[in-house]
Every structure is written in C-alpha cells, then in structure tokens.
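Take a look at the structure below.
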Amino acid sequence: MILSMTGFGRAEGVFEGKKISVDIKSLNSKSFDLNIKVPLRYKEKEFEIRKILNDRIIRGKVDCYVTVENLQETTDVKINKNLIDSYIAELRTVASDGPDFEYLKMAVRFPDAITSRPDELTEGEWENLAGIVHGAVNKFEEFRKAEGKILHEELERNLQNIDRYLSEVVPFEEERINSVKERYQKSLKEFENVDETRFYQEMAYFTEKLDISEEKVRLAQHLKYYQEVMDNEDFNGKKLGFISQEIGREINTLGSKANHAAIQKLVVMMKDDLEKIKEQTLNVL
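Letter by letter, the sequence shown follows residues 33 to 317 of the numbering used here.
This is the structure in structure tokens:
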C-alpha cells in the first residue's frame, strides 16, 4: 500500500473543564524529524507523546502542537496573607512613618507572597491526553491514505507510459541495424583493397555494441518490480527510490546505445516520466 509522507490530523477533547487540542502535520523527510510544542503542564509527558508519534508516523518532518484552554473561570493564584502581614510588620520596624499601602506594594514582591496552587497532572488527565494524541494520529493516517491513493494512480500511470515507450522501440531496432549495415556496405564499395573479413568482423562488433536487448529486458523487469513493491509492501518509499535509480540506469544506457533519432525521442519521453516517478517517490512513506 502506498502512504504519503504528507499528512495532517487534528483531534480535540475536554477533561475537567480543560479543552485539549492536538494538531499534527508532516512533510517528506529521509528520517523521523519531530518538532513538538506542549504546554508546561504536559511537559513531563513529552517523551511519551514523542514515542507515540515515532511508533505510528515512522518517517517524515513532523510538527505536533498540543494546546490546552480553560473553559471554567478558575484561579490558581494563592495570596499568602499571613506571610504578607509578617513582611509589612517587619517593614514598619525599619520605617515606621510609611503608609501601609506602600508597605503592601513592597511586601507582595517578596518571595512566596503570591504563589500558584500546585495542580499535579493526574493519571486520568494523561490517559485522556494520550487518547487525543492517538485520535489526531488516526486522522493523520486517513489523510496519508487518501494522498497515497492519488500517488499510486500517478505512479502507475508513469510506469505504464515508460512501458509503452519501451514497446515502441521494437519496430525501430531492425531498421537501425539495417541502416548501419547499408552505411558500412556503401563505405566498403568506396575503397579498394579492403579486407572484407576484417571489415565484417568490425561491423559485427559495432552492431553488437549497439544491441539493446539486455537493457530492454532489465528495464521491463525493473518496471514490473516497482509495480509489485508498490502494490504489496508497506512503508516502501525507500525501496521504490532504489528501484527508480535502477530504472534510470537502464534508460540512460538505452539512450547511449540508441544511435537512432526515433529511439532517442522515446528515451527522452521515458526520462520525463521517470523524473515524475522520482519526484513522487520522495513523498512515499
């Protein structure tokens, strides 16, 4: 199955008056490259979130954003009145003629005068957050599958184009060899005292060098293998990339041996489709 490395997924949930949102998006990359932003409240669980994403997303340049919003009007601020009163009393001993309001402004700046109530992350809230992360990844995977289906159709079309161009080479092969023979025979008539045996040996050698039978067979095999891997193997992007390189080698050799305008034209068209395959393969997971 083809899966795209490009994807997007979003999931939301509410837990005890908090709205939690998780957004995931990715682009193609040779490895798993994660950029994650989580609120300070969930910082202790960042490693667990990374592991979930790494295990399920596999590969890609991934951005993950976790946000939390309080839906209830609550305050986590605690004013330590007794401590502030103690600070003010001590300030009076230093400067007894000052107004209490001035002492109060100084006292609230002292350590622990105003603190936040500790609100530890409970196991229930973490389980809820983990469920939302998995939900976002589920949506992300659905996006990847939909993009992968489009990629599969495009890749298959390009493979079929190359295979068709390869079949169109056949009619020109015999014409190309005959053309070479005629050219050599014409040259032979223009010279005297030519060793015909040697001449035909050289022509046979040259004709053999122009033979593209092996390249055609290997190219057809590589196209078939690409199709098989694309249809039957998961997480096949890297393997498809290697096969596309082999396809390119055979097409290049075919072009260097062509020695025929029509075949060269077909080779150029093959290369055009191969470039599309390579570009699309970079986005396959």
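Backbone N, C-alpha and C fix where the C-beta goes; we use that ideal spot for every residue, glycine too.
Asked: Straight-line gap, Arg124 to Ala139 (C-alpha atoms, nearest Å); Found: 11 Å
Asked: Three-state class that DSSP yields for Ile90 in the structure shown; Found: coil
Asked: For Val261 and Arg82, the rounded distance between their alpha carbons; Found: 30 Å
Asked: Close beta carbons around Arg73, own chain, < 7 Å, minus the five adjacent residues each side; Found: Val100 and Leu153
Asked: Candidates Lys308, Glu80 and Lys50: closest to Gln104 by CA position; Found: Lys50
Asked: Through-space distance from Leu306 to Glu278, alpha-carbon basis; Found: 11 Å
Asked: Pick from Lys303, Ile275, Ala293 and Phe40 that is closest to Asn284, judged by C-alpha positions; Found: Lys303
Asked: Nearest-angstrom Cα separation, counted from Tyr119 out to Val126; Found: 11 Å
Asked: Which residues DSSP lists as bridging Arg42, in chain order; Found: Asp55
Asked: Close-in-space but distant-in-sequence residues of the same chain around Trp158 (CB under 7 Å, 5 per side omitted); Found: Lys77
Asked: Ordered list of alpha helix (DSSP H) runs contained in the stretch 153 to 199, each at least 4 residues; Found: none
Asked: Status (buried if at least 16 other CB within 10 Å, exposed otherwise) for Pro150; Found: Legend: pLDDT at Pro150 = 49, less than 50; position of this residue unreliable, value from coordinates given subsequently. Exposed: under 16 other Cβ atoms inside 10 Å.
Asked: Spatially closest choice to Gln246 from Asn60, Asn268, Arg281 and Ile275, by CA coordinates; Found: Checking the sequence, you will find Glu at residue 246 rather than Gln. The shortest Cα separation from Glu246 among Asn60, Asn268, Arg281 and Ile275 belongs to Arg281.
Asked: Buried versus exposed call for Asn268 [16 or more other C-beta atoms within 10 Å across all chains shown]; Found: buried
Asked: Residue span of the beta strand (DSSP E) that contains Phe274, given as start and end; Found: Where Phe274 is concerned, there is no enclosing beta strand (DSSP E), although the alpha helix (DSSP H) it sits in stretches over Gly269 to Ala290.
Asked: In DSSP terms, what Asp65 is bridged to; Found: Lys93
Asked: Secondary structure of Phe142, DSSP reduced to three states; Found: coil
Asked: Three or more C-beta pairs below 8 Å linking the stretch 184 to 202 and the stretch 85 to 102; Found: no
Asked: Closest by C-alpha distance to Gly41, when choosing among Ile52, Ser58 and Ile34; Found: Ser58
Asked: Glu207 versus Asn190: straight-line alpha-carbon distance, rounded; Found: 27 Å
Asked: Close beta carbons around His254, own chain, < 8 Å, minus the five adjacent residues each side; Found: Ile275, Glu278, Ile279 and Glu282
Asked: Simplified DSSP assignment, three categories, for Glu101; Found: strand
Asked: Where the alpha helix (DSSP H) through Glu365 begins and ends; Found: Given that the chain is displayed from residue 33 to residue 317, the structure contains no residue 365 and the question cannot be resolved.
Asked: Coarse secondary structure for Val70, derived from DSSP in three states; Found: coil
Asked: Neighbour-count burial assignment, Gly180, 16 or more Cβ in a 10 Å radius; Found: buried
Asked: Burial state of Ala121 (16 or more Cβ within 10 Å); Found: exposed
Asked: Cα-Cα separation between Leu187 and Asp266, rounded to whole angstroms; Found: 16 Å
Asked: In DSSP terms, what Ser118 is bridged to; Found: None; Ser118 has no bridge partner.
Asked: Straight-line gap, Leu161 to Asp263 (C-alpha atoms, nearest Å); Found: 36 Å
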